[in-house]
Structure formats: C-alpha cells, structure tokens
Amino acid sequence: MGSVVVIVNPKYWLFAVPLVLVPSARAQEDGASPVPSVPSISTAPAKDREVSVEELVAQAIGNSPQLPIARENLEAARQRAGAARVLLNPTLQAVPRLFGSRQAADTEIVVSQPLDVFGKRRVQAGVFTAQVRGAQAAQTLAERTLIVQVKNAAAGLFAAQEAENLGVT
Numbered sequence: 320m321g322s323v324v325v326i327v328n329p330k331y332w333l334f335a336v337p338l339v340l341v342p343s344a345r346a347q348e349d350g351a352s353p354v355p356s357v358p359s360i361s362t363a364p365a366k367d368r369e370v371s372v373e374e375l376v377a378q379a380i381g382n383s384p385q386l387p388i389a390r391e392n393l394e395a396a397r398q399r400a401g402a403a404r405v406l407l408n409p410t411l412q413a414v415p416r417l418f419g420s421r422q423a424a425d426t427e428i429v430v431s432q433p434l435d436v437f438g439k440r441r442v443q444a445g446v447f448t449a450q451v452r453g454a455q456a457a458q459t460l461a462e463r464t465l466i467v468q469v470k471n472a473a474a475g476l477f478a479a480q481e482a483e484n485l486g487v488t
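Just add 319 to the spot in the sequence shown (first one is 1) and you have the working numbering.
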C-alpha cells in the first residue's frame, strides 16, 4: 500500500489528525485489512511564495462577481439615457370615409409628430442622466469597497503571520 504525505503547519496539526484518520476508520468499517496505512505527517512549514497586496487586489478584482454586475448596470443606464434622447417616431394614418355608395369614397392621410411642448422628454433625459451618474457611483463604490476589504484582510493576514513568526499568540 502507498503512503500519503501531508504537510501541516504545526499550529494546525490538531485539525489535521482527524482528517488523516477518517479514511482508516472507514476502511475498518468496510471490513478491509485490520492494519490501515497511516500517512506520515510532516510539520515542516510549506514553502509558499510571497504575495503582494497589489496581486491580491488584482485577483479580487478579476474574480469578484460584483464588479461585472456594476458594469452591466452602468451600461444599461447609459442605454436608457441614449434612448431618452431620441425623438419619438412620427405616425402615419390612412382613414377611409365612405359616402353612401362604393364609388364615392374619400381617404384621409394623417401624419403626426409628437412634440415635447411641456418638457416631459427633457425631464426624462435628466432622470436618465442622473441614473447614469448613480450607476457610475455604484460601480466606483463597489470597486473601492472590494479594494478596502482585500487590503484589510491582507493586513490582518500579514499581522497574523508576523505574530506567528515572533511567537506571539
């Protein structure tokens, strides 16, 4: 049988022992060989490369689902604002009028264009422009909030690592 080598930080060895023993306990329940293989546990610290705060922030920005949502909301607000600036389409109507007989018919053609007499479209355009500014602010807030959260978490991690290196608990 092969053996499994697990490298565990000395601080967390109590958490790793039950995980290592669970497969051997299940093997005994299944009626397998009575002598399970026990993996060797090394308490040597793992050699992890140093990660900078900038790398953590870049990874968080790349993996965050909030930022694409904020970008899509901003794009939707821009599309609504652009649609509010467009004039309404003119309408063309053909209305037939019959006068007693089939030979005497009159057709009326009406072309109409809605006008913004009372400023309704202008107000709607202002509302949509305000929504664009709000979506831009929401996107900026989401990005800055994420950056602050990552930097705070990194500061906590670095402080814990430094305390561990100094032997402070």
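Virtual Cβ for every residue (Gly too), placed ideally from N, Cα, C.
Bear in mind that the values here come from a model prediction, so they are computed numbers and not experimental data.
Out of A454, L417, G486 and R440, which one is the CA nearest neighbour of E427?
It is L417.
**Item:** Residues near T410 in its chain [Cβ-Cβ closer than 7 Å; skip 5 each side]
**Value:** If we look at T410 and ignore the five residues flanking it on each side, its Cβ neighbours are S431.
(message) What does the Cβ neighbour count give for A389, buried or exposed, with the cut at 16 atoms within 10 Å?
(response) Buried.
Output needed for L485: all residues of its chain with C-beta closer than 7 Å, excluding positions within five of it in sequence on either side, in chain order.
Cβ neighbours of L485 beyond the five flanking positions: none.
- [ ] Could you tell me which uninterrupted alpha helix (DSSP H) segments, each at least 4 residues in length, are contained entirely in the segment 359-410, listed from first to last along the chain?
- [x] Fully enclosed alpha helix (DSSP H) runs of 4 or longer: 372-382 and 385-404.
request  = Would you check if the distance between the CB atom of L407 and the CB atom of P433 is smaller than 7 Å?
outcome  = The answer is yes: Cβ separation under 7 Å.
Unbroken alpha helix (DSSP H) run spanning G453, endpoints: Start and end: K439 to L485.
Selection from E483, L465, E369 and Q458 that minimises the alpha carbon distance to L393 | Of the listed residues, the one whose Cα sits closest to L393 is Q458.
Taking N382 as the reference, which of Q412, Q480 and L465 has the closest Cα?
Selected option, being the one with the closest Cα: L465.
| task | Taking only the alpha-carbon atoms, compute the straight-line gap between V376 and Q385 and give it to the nearest angstrom. | result | C-alpha of V376 to C-alpha of Q385: approximately 14 Å in a straight line.
* C-beta contact flag for A379 and V469 at 7 Å -> Yes.
In whole angstroms, give me the CA-to-CA distance for D425 and V414. The straight-line gap from Cα to Cα measures roughly 9 Å.
Quiz item: Do T448 and V396 come within 7 Å of each other at the CB atom, strictly closer than that value?
Solution: Residue identity check: residue 396 is Ala in the sequence provided, not Val. Not a contact, by the Cβ cut-off of 7 Å.
Assuming the contact rule is C-beta atoms closer than 8 Å, V405 and A473 should be a hit. Round their C-beta distance to whole Å, please. With 8 Å as the limit, V405 and A473 do not qualify as a contact, their Cβ atoms being about 47 Å apart.
(Q) Taking 7 Å as the threshold (C-beta atoms), are Q455 and V429 in contact? (A) No, Cβ-Cβ distance for V429 and Q455 is not below 7 Å.
Exercise. Within its chain, find whatever has a CB closer than 6 Å to the CB of Q450; leave out the 5 residues flanking it on each side and keep chain order.
Key: Only A396 meet the Cβ criterion.
| Cα-Cα separation between E369 and A482, rounded to whole angstroms | Looking at the two C-alpha atoms, the distance is approximately 16 Å.
Review point. From G438 to V446, what distance separates their C-alpha atoms?
Key: The straight-line gap separating the alpha-carbon atoms of G438 and V446 is approximately 12 Å.
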